[in-house]
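Heads up, the sequence shown is in my numbering, so the first residue is 28 and it goes up one at a time. First comes the structure, then the notes that go with it.
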Amino acid sequence: MSRVLLVEDEAHLAQGLRFNLEAEGYAAEVVGDGESATERLLGKNEEFDAVVLDIMLPGKDGFKVVSELRAARNYVPVLMLTARGRPEDVLQGFASGADDYLAKPFDLSILLARLQGLLRRSAWMRGGEQGGTTVATKAPSGNGTEEDLGAFSFAGRTIDFRALELRSGDSTIHLTVMEAELLRHLVRNDGKIVSRKQILEEVWGLHEDTDTRAIDNFVVRLRRYLEDDPGHPRHLLTARGVGYRFVAHPEGS
28 MSRVLLVEDE AHLAQGLRFN LEAEGYAAEV VGDGESATER LLGKNEEFDA VVLDIMLPGK
88 DGFKVVSELR AARNYVPVLM LTARGRPEDV LQGFASGADD YLAKPFDLSI LLARLQGLLR
148 RSAWMRGGEQ GGTTVATKAP SGNGTEEDLG AFSFAGRTID FRALELRSGD STIHLTVMEA
208 ELLRHLVRND GKIVSRKQIL EEVWGLHEDT DTRAIDNFVV RLRRYLEDDP GHPRHLLTAR
268 GVGYRFVAHP EGS
């Protein structure tokens, strides 16, 4: 049984969600503010399979909560609830370390589907099983075809999509599900330009008219993971005015 923490200050909404999650077979618990959420997840070190986290909370907001979780190396999947018509909240949430989002007001069936998908995706990427199905990660092979891989290695680094880790020598960086999804998308398109529009629609599920500056900030963080010299990248390159291009083996390397 998956254990879910609901972080929502609107009591009627929180209790309604709790009732419906329990009816679907989840073990759901509710807290009403960000401080209580971080205390449960970090102070008491309680283990949850997922967190449903509202942005607008009294005191510490949802962005701060997820940022503190990731800084403390807690990588529990986070589904963030945002205000309607606020794509900037979605992008800031991803930049903070959230894994998925849902705009308020929402249909209960959509929330349940998003939560189930997040749990399943996390299990798949960690090499686990849910519903009897295991999904392999695909990445391009040297001859331009795709081969099934649970990890992708280049330039002394290994992206382990199942463990949600990027390893380089003795160093290990833990990835959020969304970071791993974006890296996987770039790796699958090794050598090809991936537009910001593609990233918004195919990775984050946003409309193309969304402000793309947050993507640039996201890429800056990924370069810290991938590059020896992030200020002079060799693997995650900018296609000016278009998007980005991942190059596993740059010329001359």
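From the three backbone atoms N, C-alpha and C, an ideal C-beta is built for every residue, glycine too.
Kindly list the residues whose CB is nearer than 8 angstroms to the CB of residue i, restricted to its own chain and excluding five residues on each side of it in sequence; keep chain order.
i     : result
GLU49 : ALA55
GLU62 : GLY86 and LYS87
VAL92 : VAL34, GLY61, ALA64, THR65, LEU80 and LEU84
GLU51 : LEU139
GLN42 : VAL57
MET28 : GLY52, TYR53 and ALA54
Among residues of its own chain, excluding the 5 on either side of residue i, which ones have a beta-carbon nearer than 6 angstroms to its beta-carbon?
i      : result
PRO257 : ARG250 and ARG251
GLY155 : Caution is warranted here: a pLDDT of 43 is assigned to GLY155, below 50, making its placement in the model unreliable, and the coordinate value is therefore given only provisionally. Here the set comprises nothing.
ASN72  : none
ARG194 : THR185
ALA99  : LEU69
GLU222 : At residue 222 the sequence reads Ser, which differs from the Glu that was named. Cβ within range, chain order: VAL269 and GLY270.
GLY171 : The predicted position of GLY171 is uncertain, since its pLDDT is 35 and thus under 50; a value taken from the coordinates is nonetheless stated next. Counting only Cβ-Cβ distances below 6 angstroms, and skipping sequence neighbours, we find nothing.
Considering only their Cβ atoms, is the gap separating residue j from residue i smaller than 7 angstroms?
i      : j      : result
PHE90  : MET205 : no
VAL274 : HIS262 : yes
LEU233 : ALA207 : no
ALA64  : VAL57  : no
ILE220 : VAL269 : yes
Of the residues the options, which one's Cα is nearest the Cα of residue i?
i      : options                           : result
ASP60  : ALA77, TYR53 and ALA38            : ALA38
PHE188 : LEU209, VAL57 and GLY196          : LEU209
LYS224 : TYR271, GLU51 and ASP134          : TYR271
LEU202 : ARG30, LEU33, ARG97 and MET28     : ARG97
ASP243 : GLU229, GLU254 and ARG267         : ARG267
PHE75  : LEU33, THR199, ILE226 and GLU95   : LEU33
GLY255 : ALA178, GLY196 and LEU213         : With the sequence shown as reference, residue 255 is identified as Asp, and Gly is not the correct amino acid for it. The option with the nearest alpha carbon to ASP255 is GLY196.
ARG147 : ALA99, ALA77, LEU193 and LEU213   : ALA77
THR109 : ALA178, ARG100 and LEU138         : LEU138
LEU213 : THR265, ILE200 and SER198         : THR265
SER94  : LEU69, ARG113 and GLU73           : LEU69
PRO132 : TRP231, LEU44, MET28 and VAL246   : LEU44
THR199 : GLU229, PHE46 and LEU253          : LEU253
VAL31  : PRO114, LEU142, LEU40 and ASN216  : LEU142
TRP231 : VAL247, ASP217, LEU193 and LEU145 : LEU145
GLY218 : ALA99, ARG113, PRO114 and GLU278  : GLU278
With 16 as the cutoff for other CB atoms within 10 Å, does residue i come out buried or exposed?
i      : result
ALA163 : The predicted model places ALA163 with a pLDDT of 38, which falls under 50 and marks its position as unreliable, so this point remains unresolved.
VAL79  : buried
GLU35  : buried
LEU135 : exposed
GLU173 : Its pLDDT being 37, under 50, GLU173 is placed unreliably in this model, and the coordinates cannot settle the point.
ARG211 : buried
PHE46  : exposed
VAL247 : exposed
Between which residues of its own chain and residue i is the CB-CB distance below 7 angstroms, once the five residues before and five after are set aside?
i      : result
HIS276 : PHE181
ASN101 : LEU68 and LEU69
ASP116 : ILE82, THR109 and ALA110
Counting pairs of Cβ atoms below 8 angstroms between the segment 122-139 and the segment 101-109, do you hit three or more? yes
May I ask you to verify whether the segment 64-84 touches the segment 181-188, counting CB pairs closer than 8 angstroms and requiring at least 3? no
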